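Participant: Residue numbers for the sequence shown follow our numbering, so the first one is 14 and each next one is one higher. Ideal Cβ placement from N, Cα and C applies to all residues, glycine included. Just so it is clear, the structure is predicted and the values come from calculations on it, not from any experiment.
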Amino acid sequence: MTPTVILAVVIAAITHASWNAIAHHIKDQLVSFALISGGGLLVGVLGALFVPFPAAAAWPFLLVSAALHVTYMLLLMRSFTLGDFGQMYPIARGTAPLVVTVLAAVFVHEIPNGWQLAGVAVACAGLVGVALWGLKGSRPQWPAIIAALATGLAIASYTTVDGVGVRDSGSSLGYIAWLMILEGIAIPAYALYRRRGQLAAQLRPYAATGLVGGAMSVVAYGLVLWAQTRAPLAPIAALRESSIIVGAAIGALFFKEKFGAPRIAAAGLMVVGIGLMLHTAA
C-alpha cells in the first residue's frame with residue numbers, strides 16, 4: 014500500500030470510531046441510527062448530483078451491500094444496547110478483518126501469506142481477550158458478545174462485496190453516494206413506522222449531533238472504498254481496524270467505562286495481529 018492509501022485508511026479508522034461513539038452516546042439507539050442513516054442519506058443524495066452514475070456491473074453488489082449494511086446497523090444497535098462501547102466496538106471491529114481474510118481468499122483469490130496467517134491467529138487471541146478478560150468472576154455478557162460478533166460478520170461481508178463492486182463501478186464516489194442512498198432509507202423508515210407521531214420530537218434534541226455522525230460515517234467508509242480500488246482487501250480491512258484502539262480509548266475516557274489493564278493488553282494484541290496481517294510477502 015502507498016503512504017496515501019495508508020493515511021486514508023487511518024483517517025477512516027479514527028472517523029469511524031468517532032461516529033460509533035456518537036451513536037452510542039445517544040441512548041435511544043433507534044433515534045441514534047435513524048439520524049445517522051438520515052445524515053448519510055442526505056450526503057448521498059447531494060453527492061449523487063455531482064458524481065458519475067455507477068456502471069451497471071456494480072448494481073448487484075450495491076443492492077446486496079445495502080442489505081448487509083442495514084443488517085449491520087441493526088446488529089450494532091443491538092450490541093450497543095446490551096454492552097459497553099469499549100467492549101462491543103473492539104469485538105465487532107476485530108472480527109471483521111479475520112473474516113475478510115477468508116472471504117477475500119475464497120471469492121477474490123487474494124491468498125494470505127504466512128505472516129498474514131500468523132496475524133489472524135494473534136488477532137483472534139486478542140479478540141478472545143477483549144471479550145472475556147477482566148470479568149472478575151462474573152459471567153460473560155453472551156447476548157452482547159454474540160451481537161458484536163454477528164456485527165463483525167456483517168462488516169466482513171459488506172467489505173468483501175463492496176471491494177468487488179467498487180472496482181466494477183467506474184467511480185468510487187458514485188458507488189459510495191448510491192450506497193448511502195440505498196442503505197440510508199431503511200432505518201429512518203423503520204423508525205418512522207415504530208414511533209409514528211412521536212419521532213420528530215424524539216429526533217429534535219439530537220438532530221445536529223446525529224447528522225454530524227451520519228456525515229462522518231460517509232467520510233469513513235468513502236475513504237475505505239477509495240482505498241479498496243488501490244490495494245488488496247484484507248490488508249485494508251486489517252489497517253482499518255486500528256480504530257479498535259481509538260474505540261477503547263473513547264470508551265475509557267468519555268464513557269468512563271472500566272477497560273482495565275488486561276483488556277487494554279488484549280486490544281493491543283489485536284492491533285499487533287492486524288499489523289502482521291498488513292505484512293506482504295517480499
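Classify L20: buried if its beta carbon has 16 or more other beta carbons within 10 angstroms, exposed otherwise.
Facilitator: exposed
Participant: So that I know if they touch, is there some Cβ in chain D lying closer than 8 Å to that of L75?
Facilitator: Among the chains of the structure shown, chain D does not appear; only one protein chain is present.
Participant: If you drop the 5 nearest sequence neighbours on each side, which residues of the same chain put their C-beta closer than 7 Å to that of A68?
Facilitator: D181, S182, G183
Participant: Cα-Cα, which of I27, A47, A30, V22 is closest to A221?
Facilitator: A47
Participant: Between the Cα of P275 and the Cα atoms of V44, G142, V58, which residue gives the shortest distance?
Facilitator: In this structure, G142 is the residue among V44, G142, V58 with its C-alpha nearest to the C-alpha of P275.
Participant: So within the stretch 109 to 179, which uninterrupted alpha helix (DSSP H) runs reach at least 4 residues, ignoring any that extend past its ends?
Facilitator: Within the stretch 109 to 179, the complete alpha helix (DSSP H) runs of at least 4 residues are 127 to 145.
Participant: Give me the residue from L266, M290, A261, D175 with the minimum Cα distance to I104.
Facilitator: When only C-alpha atoms are compared, the closest one is A261.
Participant: For my contact list, V64 and V231 are in at a C-beta cut-off of 8 Å; report their separation, rounded to the angstrom.
Facilitator: Contact doesn't hold; Cβ gap of about 12 Å is too wide.
Participant: Alpha carbon to alpha carbon, how far is A233 from G197? Give it in angstroms, no decimals.
Facilitator: 15 Å
Participant: Give me the Cα-Cα distance between G178 and I200, rounded to the nearest whole angstrom.
Facilitator: Computed Cα separation, rounded: 23 Å.
Participant: According to DSSP, is S185 part of a helix, a strand, or is it coil?
Facilitator: helix
Participant: Decide if the stretch 115 to 131 is in contact with the stretch 244 to 254; the criterion is three or more beta carbon pairs, one per stretch, under 8 Å apart.
Facilitator: yes
Participant: When you compare only the Cα positions, how much space is there between L111 and Q215?
Facilitator: 38 Å
Participant: Taking only three categories from DSSP, how would you classify G197?
Facilitator: Per DSSP, reduced to three states, the secondary structure at G197 is helical.
Participant: Does the stretch 24 to 36 come close enough to the stretch 162 to 171 that 3 or more CB-CB pairs lie under 8 Å?
Facilitator: no
Participant: Measuring straight from C-alpha to C-alpha, what distance separates T172 and V113?
Facilitator: 7 Å
Participant: For T17, which three-state DSSP category applies?
Facilitator: helix
Participant: Check whether the Cβ atoms of V237 and V22 lie closer than 8 Å to each other.
Facilitator: yes
Participant: Quick check on the DSSP output: the alpha helix (DSSP H) that includes A80 runs from which residue to which?
Facilitator: 72 to 95
Participant: Take I189 as the anchor and find which of A228, G210, G235 has the nearest alpha-carbon.
Facilitator: The alpha carbon of I189 has as its nearest neighbour, out of A228, G210, G235, the alpha carbon of G235.
Participant: Where does Q241 land, buried or exposed, given buried means 16+ other C-beta within 10 angstroms?
Facilitator: buried
Participant: My understanding is that V135 touches G286, with C-beta atoms under 8 Å, so please give their C-beta distance in whole angstroms.
Facilitator: 3 Å
Participant: Relative to the C-alpha of D41, which residue among T17, L95, A70, L76 is closest?
Facilitator: L95
Participant: What would DSSP say about T28, mapped onto helix, strand or coil?
Facilitator: helix
Participant: Which complete alpha helix (DSSP H) runs does the stretch 253 to 283 hold, if anything under 4 residues is left out?
Facilitator: 256 to 266
Participant: What residue does the alpha helix (DSSP H) around F46 start on, and which one ends it?
Facilitator: Residue range 42 to 61 is occupied by the alpha helix (DSSP H) that includes F46.
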